[in-house]
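J.:
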Amino acid sequence: TGEVPSRWGLKGTEDLGAGYQAFFVLENGFQPGTGALNYGGRLFGRQANVGVSGGFGALTLGRQMNMTMIVLA
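Okay, so the sequence shown: first residue is 28 according to my numbering, each after it adds one.
What follows is the structure in structure tokens.
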């Protein structure tokens, strides 16, 4: 008992030229003692998103961290 959940993930970027960059984030949480997935058992239930960034900022689509998740983490 008292185990802290662990997490793992994948993150990547690709230069698109002209100051643009594509990116993705896939992140999951699990219980180290049992191997059970967190976030309702969904694979990559913590974050799963893709986006494009440039001089305008970033446009991200998908499941992402929100302020509530950051504060409670």
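For each residue, glycine too, the CB sits at the ideal point set by N, CA and C.
Check whether the Cβ atoms of G36 and F51 sit closer than 8 Å, and answer yes or no.
T.: No.
J.: For A45 and A63, what's the separation of their Cα atoms in angstroms?
T.: Their Cα atoms are separated by approximately 43 Å.
J.: DSSP state of G56, grouped into three classes?
T.: Residue state, collapsed to three classes: strand.
J.: Taking only the alpha-carbon atoms, compute the straight-line gap between G81 and L53 and give it to the nearest angstrom.
T.: G81 and L53: Cα-Cα distance of roughly 21 Å.
J.: Between V79 and Q58, what straight-line distance do the alpha-carbon atoms span, to the nearest angstrom?
T.: The straight-line gap from Cα to Cα measures roughly 32 Å.
J.: Between G84, A85, F71, E41, which has its C-alpha nearest R34's C-alpha?
T.: Nearest C-alpha to R34: F71.
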